[in-house]
Amino acid sequence: MTERDQYDVVVVGAGPAGSTCARRCAELGLSTCLIEEHAAIGYPVQCAGLLSARALAACQVSEKPVLNEVSGASIVTSRGSRLTFDAGTTKAFVVDRGLLDREMATAAADAGAEVRVKTAYVKRSGSVIITRGMEGKGEIACRMLIAADGPRSPVARDLGMERPPVFLAGIQAEVPREMGGNLVEIYPDASPDFFGWIIPSGKGRARIGLAGRREVASRFSRFISQQGVRSCCHFVTGTIPIGVMPRTYGHGTLFIGDAAGFPKPTSGGGVYTGVRSAYHAAETACEACNEGSAADGLLCRYERRWRAELGRDLELGFRLFSARGKLTGEEVHQLVRVLNDPSLKADILTYGDMDQPGVLLRRILKNPKIYPVLGILLRSGVRQIIK
């Protein structure tokens with residue numbers, strides 16, 4: 114290491130968003146350093162590992178991380194109603210997130226970015242990033258800083274940025290289980306403000322988990338007991354930010370991925386939105402370096418870009434998340450029963466999209482078959498959802 118290494122861009126965090134941004138910055142000709150606090154990229158895993166086909170394509174990885182394919186889902190309530198929709202074709206992939214993350218970081222290195230593990234962000238002092246690594250304190254000078262350092266973002270905390278409005282805790286275990294198909298199972302009653310899930314990961318195994326705001330550990334224990342789970346071989350815990358931070362730029366820094374609150378509020382998945390935010394951040398960072406300015410007046414281009422692509426669905430998703438929290442178990446049961454109508458199920462199969470829920474929601478609300486539960490939807494805040 115030199116007395117003070119200098120780069121155009123330093124990216125903090127080697128998850129999918131950070132590695133994508135580092136790769137893209139290097140491809141655009143910027144000297145780029147990607148730092149990761151953990152010794153092994155991709156660990157500890159903090160993700161359910163279910164990616165839409167669109168998200169996996171955006172990651173630009175090989176097929177090696179793919180463990181299984183998913184063609185649909187079943188929503189199951191504790192009151193006995195079930196809604197099953199199977200597209201008959203692959204809609205999502207179950208992946209090994211550790212392997213996926215490592216492939217993406219390798220792609221960043223192959224593009225010319227320097228990747229440093231066991232290097233943690235400590236603080237920023239002007240254009241200098243103070244780090245802590247294997248050899249003690251380090252300093253890296255940069256023209257642009259990009260924070261991809263997860264939901265609790267040390268960079269955001271250091272710079273005094275306002276955080277996302279909601280944080281969920283999630284727990285998941287890998288268990289022996291034959292699913293008998295390629296459908297994800299969703300259990301709304303397992304967590305009243307979110308949901309529980311069972312994901313078929315292949316070879317006689319499944320991932321069972323849930324997320325919520327409170328009592329998550331006790332609800333998880335109850336959920337796996339109800340599912341007859343007797344042994345768990347691998348546990349994953351994590352934090353899911355819901356709602357984007359009020360401003361995703363400032364102090365010469367751009368915030369991407371979970372650090373900015375980009376996970377989809379309807380599912381908690383953040384890979385696709387995180388990767389897309391990374392591309393917009395790289396483009397803005399390139400402009401900032403070329404124009405010699407990291408002022409807010411330039412960095413606000415990043416926010417305009419991601420909002421143009423992702424803003425509408427993220428805002429809609431947050432309204433749906435808020436409405437979900439107002440529904441009782443009985444109301445969820447009634448909704449599931451009504452959605453079993455053949456015309457509504459056809460709409461779900463035709464217009465359902467893990468990454469872009471708006472089209473399906475508006476289609477369903479125009480279908481007269483939804484009218485029996487329109488009162489429930491109105492009480493939950495549907496007027497705010499569709500405005």
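Positions 114 to 500 (the working numbering) are the ones given, in order, by the sequence shown.
Heads up, the beta-carbon is just placed ideally off N, CA and C, and yes, glycines get one too.
Q. Of all the beta strand (DSSP E) runs that stay within the bounds of the stretch 198-240, which reach a length of 3 or more residues?
A. 205-208, 227-229, 233-238
Q | Buried versus exposed, by CB contacts within 10 Å (16 or more), ARG425 | A | Translated into the one-based positions of the sequence shown, residue 425 becomes position 312. Classification of ARG425: exposed, given that the 10 Å Cβ count is below 16.
Q. Skipping 5 residues on each side, what residues in its chain have a beta carbon closer than 6 Å to that of THR115?
A. Counting from 1 along the sequence shown, the entry for residue 115 is found at position 2. Below a pLDDT of 50, predicted positions are generally treated as unreliable, and THR115, at 46, falls in that range; no measurement from the model is reported.
Q) Does DSSP put PHE333 in a helix, a strand or coil? A) Taking the first residue of the sequence shown as position 1, residue 333 is located at position 220. In this structure, PHE333 counts as helix in the three-state DSSP scheme.
Q) Among residues of its own chain, excluding the 5 on either side of SER144, which ones have a beta-carbon nearer than 6 Å to its beta-carbon? A) As a position in the sequence shown, residue 144 is number 31, starting the count at 1. Once the five neighbours on either side are set aside, the close Cβ partners of SER144 are TYR120, ASP121.
Q | Under 8 Å between C-beta atoms of ALA162 and ARG320 | A | On the sequence shown, residue 162 is found 49 positions in, with the first residue counted as 1. On the sequence shown, residue 320 is found 207 positions in, with the first residue counted as 1. In the sequence as presented, Ala is not what sits at residue 162; that position holds Gly. Yes, the Cβ-Cβ distance between GLY162 and ARG320 is below 8 Å.
**Q.** ASP460 classed as buried or exposed, judged by whether at least 16 other C-beta atoms fall within 10 angstroms
**A.** The residue given as residue 460 occupies position 347 in the sequence shown. Counting Cβ neighbours within 10 Å, ASP460 comes out buried, since at least 16 surround it.
Q. Are the Cβ atoms of VAL357 and LEU440 separated by less than 8 Å?
A. The count along the sequence shown starts at 1 and reaches residue 357 at position 244. The count along the sequence shown starts at 1 and reaches residue 440 at position 327. Cβ distance not < 8 Å, so VAL357 and LEU440 don't count as in contact.
Q | the stretch 388-404 in contact with the stretch 473-483 per 3-pair CB rule at 8 Å | A | no
Q.
Under DSSP, the alpha helix (DSSP H) around VAL403 begins and ends at which residues?
A. By one-based count along the sequence shown, residue 403 stands at place 290. It is worth fixing the name first, because residue 403 is Asn in this sequence and not Val. Where ASN403 is concerned, the enclosing alpha helix (DSSP H) stretches over 384-404.
Q. Under the rule that 16 or more other beta-carbon atoms within 10 Å means buried, what is LEU487, buried or exposed?
A. The sequence position of residue 487 within the sequence shown is 374, counting from 1. The residue in question, LEU487, is exposed, as its Cβ has fewer than 16 Cβ neighbours within 10 Å.
Q. Of the choices ASP306, TYR300, GLY294, LEU323, whose alpha-carbon is the least far from that of LYS316?
A. Position 203 of the sequence shown, counted from the start, is the residue given in the question as residue 316. Residue GLY294 is the option with its Cα nearest to LYS316.
Q. Among residues of its own chain, excluding the 5 on either side of GLY225, which ones have a beta-carbon nearer than 6 Å to its beta-carbon?
A. Taking the sequence shown and counting its residues from 1, the one referred to as residue 225 is at position 112. Closer than 6 Å at Cβ, skipping near neighbours: ALA139.
Q) Does the distance from the CB of CYS255 to the CB of SER240 come in under 8 Å? A) Working through the sequence shown from its first residue, we reach residue 255 at position 142. Working through the sequence shown from its first residue, we reach residue 240 at position 127. Yes, the Cβ-Cβ distance between CYS255 and SER240 is below 8 Å.
Q: Indicate whether ALA407 and GLY365 have their beta-carbon atoms separated by less than 8 Å.
A: Taking the sequence shown and counting its residues from 1, the one referred to as residue 407 is at position 294. Taking the sequence shown and counting its residues from 1, the one referred to as residue 365 is at position 252. In contact: ALA407 and GLY365 (Cβ atoms closer than 8 Å).
Q. Closest to TYR484 by CA distance: which of CYS399, ALA269, SER456 is it?
A. Locating residue 484 in the sequence shown gives position 371, where the first residue counts as 1. Of the listed residues, the one whose Cα sits closest to TYR484 is SER456.
Q. Which whole-angstrom value describes the C-beta separation of ALA135 and ALA269, a residue pair presumed to lie in contact below a C-beta threshold of 8 Å?
A. Against the sequence shown, residue 135 aligns to sequence position 22. Against the sequence shown, residue 269 aligns to sequence position 156. Not quite, the Cβ-Cβ distance comes to about 19 Å (not below 8 Å), so this is no contact.
Q) Comparing alpha-carbon positions, which option in VAL329, GLN285, PHE280 lies nearest THR350? A) Position 237 of the sequence shown, counting from 1, holds the residue named residue 350. That would be GLN285, whose Cα lies nearest to the Cα of THR350.
Q | Three-state secondary structure assigned by DSSP to ARG192 | A | Mapped onto the sequence shown, residue 192 falls at position 79. Correct three-state label for ARG192: coil.
Q: Excluding the 5 residues preceding and the 5 following ALA373 in the sequence, name in chain order all residues of the same chain whose CB lies nearer than 7 Å to its CB.
A: Against the sequence shown, residue 373 aligns to sequence position 260. The answer, listed in chain order, is VAL357, MET358, THR361, SER390.
Q: Spell out the partners DSSP gives CYS146 in its beta bridges.
A: On the sequence shown, residue 146 is found 33 positions in, with the first residue counted as 1. Paired residues: VAL123, GLU227.
Q) Can you name the start and end residues of the beta strand (DSSP E) that LYS458 belongs to? A) Position 345 of the sequence shown, counted from the first residue, corresponds to residue 458. No beta strand (DSSP E) holds LYS458; the alpha helix (DSSP H) holding it covers 455-464.
Q: Give me the Cα-Cα distance between GLY193 and HIS446, rounded to the nearest whole angstrom.
A: Sequence index remark: in the sequence shown, residue 193 carries index 80 (1-based). Sequence index remark: in the sequence shown, residue 446 carries index 333 (1-based). Straight-line Cα distance between these residues: approximately 8 Å.
Q: With DSSP as the reference, label ALA286 as helix, strand or coil.
A: Here residue 286 is taken as the residue at index 173 of the sequence shown, counted from 1. Three-state DSSP puts ALA286 in a strand.
Q) CA-CA distance, GLY131 and ARG332? A) Residue 131 sits at position 18 when you count from the first residue of the sequence shown. Residue 332 sits at position 219 when you count from the first residue of the sequence shown. Approximately 32 Å, taken between the alpha carbons.
Q) Relative to the alpha-carbon of GLU150, which residue among ASP214, VAL207, TYR234 has its alpha-carbon at the smallest distance? A) Translated into the one-based positions of the sequence shown, residue 150 becomes position 37. The option with the nearest alpha carbon to GLU150 is TYR234.
(Q) Please classify ASN181 as buried or exposed, where buried requires at least 16 neighbouring CB atoms within 10 angstroms. (A) As a working mapping, residue 181 is identified with position 68 in the sequence shown. Classification of ASN181: buried, given that the 10 Å Cβ count is 16 or more.
Q. When DSSP builds the beta bridges, which residues end up paired with TYR300?
A. In the sequence shown, the residue the question calls residue 300 occupies position 187. TYR300 pairs with GLY309.
Q. Which residues mark the beginning and the end of the alpha helix (DSSP H) in which ALA152 is found?
A. Mapped onto the sequence shown, residue 152 falls at position 39. ALA152 -> no alpha helix (DSSP H), and no H or E assigned at all.
Q: Starting from THR441, follow its DSSP beta bridges and name the residues at the other end.
A: Within the sequence shown, residue 441 is the residue found at index 328, counting from 1. Note: THR441 sits in no beta bridge, so no partner.
Q) Excluding sequence positions up to five away, which residues of its chain have a Cβ less than 7 Å from the Cβ of VAL179? A) Walking along the sequence shown from the start, residue 179 turns up at place 66. Hits under 7 Å: PHE206, VAL208.
Q: Measure the C-alpha to C-alpha separation of ALA153 and LEU448 and round it to an integer number of angstroms.
A: Here residue 153 corresponds to residue number 40 of the sequence shown, with the count starting at 1. Here residue 448 corresponds to residue number 335 of the sequence shown, with the count starting at 1. Going from the Cα of ALA153 to the Cα of LEU448 covers about 44 Å.
Q.
Can you tell me where the alpha helix (DSSP H) holding LEU272 begins and where it ends?
A. The sequence position of residue 272 within the sequence shown is 159, counting from 1. Unbroken alpha helix (DSSP H) run through LEU272: 267-272.
Q: Find out if the Cβ-Cβ distance for the pair CYS146, ARG245 is shorter than 8 Å.
A: The count along the sequence shown starts at 1 and reaches residue 146 at position 33. The count along the sequence shown starts at 1 and reaches residue 245 at position 132. Cβ distance not < 8 Å, so CYS146 and ARG245 don't count as in contact.
Q) Of the choices ALA170, SER191, SER175, CYS160, whose alpha-carbon is the least far from that of GLU444? A) Locating residue 444 in the sequence shown gives position 331, where the first residue counts as 1. With distances taken between Cα atoms, GLU444 lies closest to SER191.
Q: Give me the Cβ distance between ILE355 and LEU281, rounded to the nearest whole Å; I'm assuming they're in contact under 8 Å.
A: For the purposes of this step, residue 355 is identified with residue 242 of the sequence shown, where counting begins at 1. For the purposes of this step, residue 281 is identified with residue 168 of the sequence shown, where counting begins at 1. Sure, about 6 Å apart at Cβ, within 8 Å.
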